[in-house]
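Since the structure comes first, as structure tokens, the remarks are kept for the end.
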Amino acid sequence: MTLTKESVLEALRKTALPGGGDAIGRNLVHALAVESGVVRFVLEGAPEAELLAMRPVLEGAVRALDGVKSLSVVIPAGPSKAPGGGVKIGGHAKPQDGPLPVPGVAHVIAVGSGKGGVGKSTVASNLAVALARAGKRVGLLDADLYGPSQPRMMGATEKPASPDGQTILPVRAHGVVLMSLGLMLREDEAVIWRGPMLMGALQQMLGQVKWDHFGPLDVLVIDLPPGTGDIQLSLCQKTVLDGAVIVSTPQDIALLDAKKALDMFAKLKMPVLGLIENMSTYVCPNCGHEAHLFGHGGVETEAARLGLPFLGALPLALEVREAGDAGRPVALGEGAAAEAYAGIARKLIEAGVA
Numbered sequence: 001m002t003l004t005k006e007s008v009l010e011a012l013r014k015t016a017l018p019g020g021g022d023a024i025g026r027n028l029v030h031a032l033a034v035e036s037g038v039v040r041f042v043l044e045g046a047p048e049a050e051l052l053a054m055r056p057v058l059e060g061a062v063r064a065l066d067g068v069k070s071l072s073v074v075i076p077a078g079p080s081k082a083p084g085g086g087v088k089i090g091g092h093a094k095p096q097d098g099p100l101p102v103p104g105v106a107h108v109i110a111v112g113s114g115k116g117g118v119g120k121s122t123v124a125s126n127l128a129v130a131l132a133r134a135g136k137r138v139g140l141l142d143a144d145l146y147g148p149s150q151p152r153m154m155g156a157t158e159k160p161a162s163p164d165g166q167t168i169l170p171v172r173a174h175g176v177v178l179m180s181l182g183l184m185l186r187e188d189e190a191v192i193w194r195g196p197m198l199m200g201a202l203q204q205m206l207g208q209v210k211w212d213h214f215g216p217l218d219v220l221v222i223d224l225p226p227g228t229g230d231i232q233l234s235l236c237q238k239t240v241l242d243g244a245v246i247v248s249t250p251q252d253i254a255l256l257d258a259k260k261a262l263d264m265f266a267k268l269k270m271p272v273l274g275l276i277e278n279m280s281t282y283v284c285p286n287c288g289h290e291a292h293l294f295g296h297g298g299v300e301t302e303a304a305r306l307g308l309p310f311l312g313a314l315p316l317a318l319e320v321r322e323a324g325d326a327g328r329p330v331a332l333g334e335g336a337a338a339e340a341y342a343g344i345a346r347k348l349i350e351a352g353v354a
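The opening residue of the sequence shown carries number 1 in the UniProt record's numbering; numbering runs sequentially from there.
Structure below.
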């Protein structure tokens, strides 16, 4: 007998749940896919404890079918609770009238990219450190909620606290005030949330985090997720921003996606503060030979074509990767990469947005 979607549905329909009824009748099974013996579905629509109790029962019913090679039953994550308090991150966003300023913050800069893999998060962390070294009081919000990497890059392990179950106290690393969902999760724990949960989490991390816990901030740097999705849209509609910085490598495919990000910010009437070309030049540490692995100058050319500021070119260097992995951003030190970040920070300060 061939394994089909209908046969899986029938098996689930015939399986009684611990709390009564069946998963199909209670509309708990979503996104069911059956292909070449591989069965996947999402289990949601009841309290998490109840879903966890019924999952092994449903898994047993499906595995008993002929032709099942593998099975994946996903229970979307509920809101994440901050240690030391009762506040939870996640849930549906609350209605608000228009964009609001971030309490305790003078300027807000979003760092975005059209695609992943161009070094956006590395740029965001090092830019925050470079601004702090320039004498600014800086915050860094990790809004890349599906892939929060700033705790590792900033070497932060302290858990945010909540003294009253509402306010969230950020942590501090290398002179930068930091908040990230990654500080509330295991480093390898996935975030499995739908759009509304993401919107609620973003709203909380902007409004409930006490960004001036260590004193008022001159600038908050927001590390956006790649692309042009819900987080970017919600941020532009709900938060007063000074503008966005776009990161791209010089290669054509990355520039193509960067143009989409630029188009998105234009449609949302959000100023673009400038473009950064990352991985612009590779210098061999042994012989000093300079190579342009991803091309060179494409971002600067595009900035000139659009009449936008070109903030600078950043090298592709082993020290940048090693520093990020070690939790000590390269902008903390000296050398070509640190100087490049310092130059970008100076331009933003001179522009009056930091």
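Even for Gly, the Cβ is constructed at its ideal location relative to N, Cα and C.
Just so you know, these numbers come straight off a predicted model, no measurement behind them.
Pop quiz: residue i and residue j are said to be a contact at Cβ under 8 Å. What is the actual Cβ separation, rounded to whole angstroms?
{"i": "G215", "j": "R137", "result": "6 Å"}
{"i": "T228", "j": "M264", "result": "4 Å"}
{"i": "A143", "j": "I231", "result": "6 Å"}
{"i": "residue 355", "j": "F294", "result": "Missing from the structure shown is residue 355; the chain here goes from 1 to 354 and no further."}
{"i": "G312", "j": "P250", "result": "Rounded, the Cβ-Cβ distance is 13 Å, inconsistent with contact."}
{"i": "E59", "j": "V73", "result": "6 Å"}
Spatial neighbours of residue i within its chain, please: C-beta separation below 7 Å, excluding the five flanking residues on both sides.
{"i": "L332", "result": "V129 and H174"}
{"i": "T7", "result": "Reading the sequence as shown, one finds Ser at residue 7 and not Thr. Counting only Cβ-Cβ distances below 7 Å, and skipping sequence neighbours, we find L65."}
{"i": "V29", "result": "L12, A23, F41 and L43"}
By the three-class DSSP mapping on this structure, what secondary structure does residue i have?
{"i": "T167", "result": "coil"}
{"i": "M279", "result": "coil"}
{"i": "Q51", "result": "Checking the displayed sequence, the identity of residue 51 turns out to be Leu instead of Gln. DSSP places L51 in helix when its eight states are reduced to three."}
{"i": "E319", "result": "helix"}
{"i": "A337", "result": "helix"}
{"i": "residue 410", "result": "Outside the displayed span of the chain (1 to 354) sits residue 410, for which this structure offers no information."}
{"i": "E59", "result": "helix"}
{"i": "M179", "result": "strand"}
{"i": "I344", "result": "helix"}
{"i": "D142", "result": "strand"}
Could you give the residue range of the beta strand (DSSP E) that holds residue i?
{"i": "V209", "result": "It is not in any beta strand (DSSP E) - V209 carries neither H nor E in the DSSP assignment."}
{"i": "D218", "result": "L217 to D223"}
{"i": "A23", "result": "Counting along the chain, A23 falls outside any beta strand (DSSP E), and DSSP gives it neither H nor E."}
{"i": "A313", "result": "F310 to A313"}
{"i": "G243", "result": "G243 to S248"}
May I ask whether a heavy atom of the ligand SAM can be found less than 7 Å away from the beta carbon of residue i?
{"i": "R40", "result": "In the structure shown, the ligand SAM is absent, as is every other ligand, since no ligand is present at all."}
Could you tell me the boundaries of the alpha helix (DSSP H) in which residue i lies?
{"i": "M153", "result": "Q150 to M154"}
{"i": "S125", "result": "K120 to R133"}
{"i": "S72", "result": "It is not in any alpha helix (DSSP H) - S72 instead sits in the beta strand (DSSP E) that spans S70 to V74."}
Which residues in the same chain have their Cβ closer than 6 Å to the Cβ of residue i, if we skip the five residues on either side of it in sequence?
{"i": "T122", "result": "G324"}
{"i": "S248", "result": "V118, A254, L255, A258 and V299"}
{"i": "I344", "result": "L311 and G312"}
{"i": "L268", "result": "C236"}
{"i": "A106", "result": "D218"}
Spatial neighbours of residue i within its chain, please: C-beta separation below 8 Å, excluding the five flanking residues on both sides.
{"i": "V102", "result": "V108, L206, G207, W211, L220, T239 and V240"}
Could you tell me whether the region 155-175 touches the region 226-245, using the rule of 3 or more Cβ pairs below 8 Å?
no
Quick check: the region 251-261 against the region 333-350, are at least 3 beta-carbon pairs closer than 8 Å?
no
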